[in-house]
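Only one structure is covered here, and it is reproduced in the block below.
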Amino acid sequence: MAPPQVIALDHDRLGRDSVMVDVASTLGGEVQADPPRLMRLLVQALHRIAKSEQLLSQKDLMIASLKSQAMTDPLTELANRRAFEEQVRRAIAGASRFDEAGVLAYIDLDGFKPINDLLGHEAGDAVLIYVADFLRNSVRLTDTVARLGGDEFAILMVQTTPDEGERRARTLQLLMNSSHLTFQGSLISVSASMGVAPFFSGADPRAVMRLADAAMYTDKGRRKMHNNWQNRIGREALAS
122 MAPPQVIALD
132 HDRLGRDSVM
142 VDVASTLGGE
152 VQADPPRLMR
162 LLVQALHRIA
172 KSEQLLSQKD
182 LMIASLKSQA
192 MTDPLTELAN
202 RRAFEEQVRR
212 AIAGASRFDE
222 AGVLAYIDLD
232 GFKPINDLLG
242 HEAGDAVLIY
252 VADFLRNSVR
262 LTDTVARLGG
272 DEFAILMVQT
282 TPDEGERRAR
292 TLQLLMNSSH
302 LTFQGSLISV
312 SASMGVAPFF
322 SGADPRAVMR
332 LADAAMYTDK
342 GRRKMHNNWQ
352 NRIGREALAS
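For any residue, its number in this note's numbering is found by taking its place in the sequence shown, counting from 1, and adding 121.
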């Protein structure tokens, strides 16, 4: 009778793949020529490989989910500050490569604290979600809308001239400030200040963001002064 054949595993081909090393361990390094046993061991090895691939796939999905959560505002599902700043850096880098321009718009809601104080934080959350949806549905797919925190939002407009970007931003501000939402029977008007700053090839991302933020506070001061003046005129008209 011929001696039993020996099937030896080529460990050089296995490399450092932990799954295949585990397979080698399962097969014991060499297997006597027993077709049924060999088949069982091969099936077991294939099951282990499939399970390992499934675990790796689940791990990749979990990592992707965690990264998404780290870059997303949980209330509005917009990009958060961290994600927005990264998008601004990428946009300016792209502008430098292709000699393009874009615009940054910073938005801060007016009179948001009284909404929370008088109607509760649920009403405040409803306003934030409303503004987020309004902005998201009013920009191009290539633009990025973010909630920077609190009642501050931002829009990154790419591949647009400063004049066109400012026109679009101011139109959006006008439309938003003419809108309102209803929360538990209460009509809530939306009002926001906006600052706009252009960016060009070679711009400093942090400098552009500071300019947009400063412009927003300038607009807020101007709007507050205008509203105070209108209120004063109204009071004088009533008193006369």
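Cβ coordinates follow ideal geometry from the N, Cα and C atoms, glycine included. All values reported here derive from a predicted model rather than from experimental measurement.
Proximity of residue i and residue j at Cβ, strictly below 9 Å
i	j	result
Ser322	Arg344	no
Gly215	Pro319	no
Leu230	Val252	yes
Val311	Val209	no
Leu249	Thr197	yes
Closest residue to residue i among the options (Cα-Cα distance)
i	options	result
Glu285	Leu225, Asp246, Ala171, Glu198	Leu225
Leu262	Gln280, Gly245, Leu269, Ala204	Gln280
Gly316	Pro195, Asn237, Ile276	Ile276
Met337	Asp272, Gly306, Thr282, Asp325	Asp272
Lys234	Phe219, His242, Pro156	His242
Sequence-distant residues of its chain with Cβ nearer than 6 Å to residue i (five each side left out)
i	result
Leu308	His301
Leu293	Ser259
Pro326	Val209, Arg210, Ile213
Glu221	Gln280
Cross-strand partners of residue i (DSSP beta bridge)
i	result
Met278	Val224
Thr292	Its beta-bridge partners do not exist; DSSP assigns none.
Residue i versus residue j - alpha carbon distance
i	j	result
Ser159	Lys172	Correcting the residue identity first, residue 159 is Leu in this sequence and not Ser. Spanning the two alpha carbons is a distance of roughly 20 Å.
Ile170	Ala335	57 Å
Leu296	Arg289	11 Å
Glu174	Arg161	20 Å
Leu100	Gly232	The question about residue 100 has no answer here: the residues shown for the chain are numbered 122 through 361.
Val164	Leu176	18 Å
Phe255	Asn201	17 Å
Arg331	Asp238	30 Å
Leu167	Pro156	16 Å
Beta-carbon proximity list for residue i, same chain, < 7 Å, skipping 5 on both sides
i	result
Ala212	Gly223, Leu277, Val279
Asn298	Val311, Ser312, Ala313
Neighbourhood of residue i by C-beta distance below 8 Å, restricted to the same chain and skipping five residues each side
i	result
Ile236	Ala244, Gly245, Val248, Ile309
Phe205	Thr265, Ala267, Leu269, Ala275, Leu277
Arg203	Ala191, Met192
Lys341	Asp229, Asp231, Ser314
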